[in-house]
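Engineer: Residue numbers (our numbering), protein chains in the order written: chain A, 10 to 226; chain B, 10 to 226. Where is the CB? At the ideal position from N, CA and C, for every residue including glycine.
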DNA sequence: GTCTATACCGAGATAGAC
DNA sequence: GTCTATCTCGGTATAGAC
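1. Who are the near neighbours of residue 221 of chain B in its chain, counting only those whose CB is closer than 7 Å to its CB and skipping five residues on each side?
2. Can the beta-carbon of residue 77 of chain B be found less than 7 Å from the beta-carbon of residue 123 of chain B?
3. When you compare only the Cα positions, how much space is there between residue 117 of chain A and residue 149 of chain A?
4. Does any residue of chain A have a CB that is nearer than 7 Å to the CB of residue 6 of chain B?
5. Are the C-beta of residue 150 of chain B and some C-beta of chain A separated by less than 7 Å?
6. My parser needs the alpha helix (DSSP H) runs of 4 or more residues fully inside the stretch 124-206 of chain A; what are they?
7. Kindly indicate the opening and closing residues of the alpha helix (DSSP H) around residue 65 of chain A.
8. What are the residues of the stretch 114-126 of chain A that lie near chain B, defined by any Cβ-Cβ distance shorter than 7 Å?
9. Give every residue of the same chain whose Cβ lies closer than 7 Å to the Cβ of residue 174 of chain A, excluding the five residues on either side of it in the sequence, and list them in chain order.
10. I want to see whether chain A comes within less than 7 Å of residue 9 of chain B, judged by CB atoms only; does it?
11. Any residues in the stretch 72-84 of chain B with a beta carbon nearer than 8 Å to a beta carbon of chain A? Which ones, in chain order?
12. Assuming residue 165 of chain B and residue 98 of chain B are in contact, meaning their beta carbons sit under 8 Å apart, how far apart are those beta carbons, in whole angstroms?
13. In chain order, what residues of the same chain have a beta carbon less than 6 Å from the beta carbon of residue 127 of chain A, not counting five sequence neighbours either side?
14. Identify the continuous alpha helix (DSSP H) that holds residue 120 of chain B and give its terminal residues.
15. If residue 137 of chain B sits next to residue 69 of chain B, beta carbons under 8 Å apart, how far is it from one beta carbon to the other, in whole angstroms?
16. At a CB-CB cut-off below 7 Å, which residues of chain B make contact with residue 197 of chain A?
17. Leaving out five residues on either side along the sequence, give the residues of the same chain with a beta carbon under 6 Å from the beta carbon of residue 252 of chain B.
18. DSSP state of residue 81 of chain A, grouped into three classes?
19. Evaluate residue 142 of chain A with the Cβ neighbour count: other Cβ atoms within 10 Å of its Cβ, from every protein chain shown; 16 or more gives buried, anything less gives exposed.
20. What does residue 200 of chain B touch in chain A if you count any residue whose Cβ is under 7 Å from its own?
21. Check the Cβ of residue 50 of chain A against every Cβ in chain B and list those closer than 8 Å, keeping chain order.
22. Are the stretch 195-204 of chain B and the stretch 103-112 of chain B touching by the rule of at least three beta carbon pairs closer than 8 Å?
23. Could you tell me whether the stretch 50-64 of chain A touches the stretch 55-72 of chain B, using the rule of 3 or more Cβ pairs below 8 Å?
24. For residue 215 of chain B, which of helix, strand or coil comes out of DSSP?
25. Taking CB distances under 7 Å as the criterion, tell me whether residue 68 of chain B reaches chain A.
26. Any C-beta of chain B sitting closer than 7 Å to the C-beta of residue 176 of chain A?
27. Tell me which same chain residues have a C-beta within less than 6 Å of the C-beta of residue 207 of chain B, skipping the five on either side of it?
28. Counting C-beta neighbours from all protein chains within 10 Å, is the total for residue 83 of chain A 16 or more, i.e. buried, or is it exposed?
29. Starting from residue 58 of chain B, trace the alpha helix (DSSP H) in both directions and tell me its first and last residue.
30. So, for residue 155 of chain B: in the same chain, excluding its five sequence neighbours on each side, which residues have a beta-carbon less than 6 Å away from its beta-carbon?
31. How about residue 123 of chain B: is its Cβ closer than 6 Å to a heavy atom in the ligand FMN?
32. Roughly how many angstroms separate the alpha carbons of residue 125 of chain B and residue 66 of chain B, rounded to a whole number?
33. So which residues of chain A does residue 89 of chain B contact, with C-beta pairs closer than 9 Å?
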């Protein structure tokens, strides 16, 4: 028989982790929950449970649900990498642009949570949305605009404005991965092979001349 | 002086409406609230307040929040119009396709709530999403696929699969309107002129040869 | 059919033992 | 730092007078 004292095991208690690990686990769990249900729909109880932690630990480590949300977004953008800085004379501008698009789409395939969180906030004005745009989206939008100007100046690229290119990349490009649950129910080919095909499809729209296949690491 | 009996006016009571009007007002309010905050984020209190009604009237007219959500989606799809049925030999298949795309995008510009609701559900599997796909999205996806096959058979249209065409229309095409709050904060030209330009942009991607401007009613 | 009052639940946040 | 207990608030839904 099992002794009574060992029966009363805590429901979700794991081997004690270092505080930094608890924070990291909470951030990873928050990305999934915020990306699945939006800010209002996600609950700190569920986030904590997914991380194997207790709900009050969220307030201890992140002060509030709002701070946890921002930390989650910050961490996902950090994972995406720094904003590409313009290097005027350096190398093939078209190849630099194509590399940026491929990098972003591959990240979106690996971490669909970021684009989910962004799109779940995009439909209504809010302080969160204003912060998201000012802190993260606007700088990247500027970098993409500069890169696209260089592409067009070199004579390559489709006849699209920088705004249209941004929307092709972030809407057509990224929602393929962010909206996977819906697209899966709709049928269609999906999976590793489909990822490469989708990246090629995006590049074929932006750079009709080619540049869709080189350096397929 | 105002008499005491007239001072005690109910907070939000309006002139008494017919029951059908209350239902219609609740549906319109629900479209806005569900489209802005998602299913979980929307509250029946706010929906009722926006419709100038009382919260329990939602349960009376629609039984539950879930039923109200489905009725809202049904009504928006009814506004969009019936699923186009294939007419094999009839007329210019390319023009029929272009007309469908233009109609959908103009509807999306006038009623961004539908695409907002769809995209807010698209990131996580749920009974609601399964119903949405089976009841509404799959039939329209089938119709678009048939129309696109006819376009390609006629030798026109870009080199894109039917899945890719669906995503160009619903992601790149419709999110331009659904995500207006975010795109507005990001800058860029928006407004009536921008709507026509965006429709032309979508068609230029799908039908590179032309067909972007005719019958601009 | 409409409204007031309220039941009931789960949310985020906090206090205090450990 | 972690965990239990609990506070307060806002959510959906229901009961019953009108």
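Structural biologist: A quick look at the data gives this:
1. Summary for residue 221 of chain B: the model assigns pLDDT 49, below 50, so the residue's position carries little reliability, and this model does not support an answer.
2. In this structure, residue 123 of chain B does not lie closer than 7 Å to residue 77 of chain B by Cβ.
3. If I take the Cα positions, the gap works out to 15 Å.
4. Examination of residue 6 of chain B is not possible in this model, given that chain B is present from 10 through 226 alone.
5. By this cut-off, residue 150 of chain B is an interface position.
6. Whole alpha helix (DSSP H) segments, 4+ residues: 136-141, 147-162, 171-176, 183-187 and 189-194.
7. Per DSSP, residue 65 of chain A belongs to the alpha helix (DSSP H) from 65-71.
8. So the list reads 125, given in the order they occur along the chain.
9. By the criterion of a C-beta distance shorter than 7 Å, residue 174 of chain A is surrounded in its chain by 153, 157 and 215, once the five residues flanking it on both sides are discounted.
10. Past the edges of chain B, shown from 10 to 226, lies residue 9 of chain B, and the structure says nothing about it.
11. Under the 8 Å Cβ criterion, the stretch 72-84 of chain B contributes no residue.
12. Contact between residue 165 of chain B and residue 98 of chain B does not hold, since the beta-carbon distance rounds to 17 Å and is not under 8 Å.
13. Cβ neighbours of residue 127 of chain A beyond the five flanking positions: none.
14. DSSP places residue 120 of chain B in no alpha helix (DSSP H); its state is neither H nor E.
15. Taking C-beta atoms under 8 Å as the contact rule, residue 137 of chain B and residue 69 of chain B fail to qualify, at a distance of about 22 Å.
16. The answer, in chain order, is 172.
17. Because residue 252 of chain B is not part of the residues shown, which for chain B are 10 to 226, the question remains open.
18. In this structure, residue 81 of chain A counts as helix in the three-state DSSP scheme.
19. Residue 142 of chain A should be labelled buried.
20. In chain A, no part has a C-beta under 7 Å from the C-beta of residue 200 of chain B; the shortest such distance is about 13 Å.
21. Chain B residues near residue 50 of chain A: 47, 48, 49 and 50.
22. No contact exists between the stretch 195-204 of chain B and the stretch 103-112 of chain B.
23. Between the stretch 50-64 of chain A and the stretch 55-72 of chain B there are fewer than three C-beta pairs closer than 8 Å, too few to call the two in contact.
24. In the structure shown, the three-state DSSP call for residue 215 of chain B is helix.
25. Chain A contact via Cβ: absent.
26. It does; some Cβ of chain B falls within 7 Å.
27. Close CB contacts of residue 207 of chain B within its chain, under the 6 Å cut and outside five residues either way in sequence, are with 185 (chain order).
28. Counting Cβ neighbours within 10 Å, residue 83 of chain A comes out exposed, since fewer than 16 surround it.
29. Here the alpha helix (DSSP H) through residue 58 of chain B covers 53-59.
30. The answer, listed in chain order, is 95.
31. Here there are no bound small molecules, and the ligand FMN is not part of this structure.
32. Residue 125 of chain B and residue 66 of chain B have their C-alpha atoms roughly 25 Å apart.
33. Identification of chain A residues near residue 89 of chain B by a Cβ-Cβ cut-off of 9 Å yields none; the smallest Cβ-Cβ distance measures about 17 Å.
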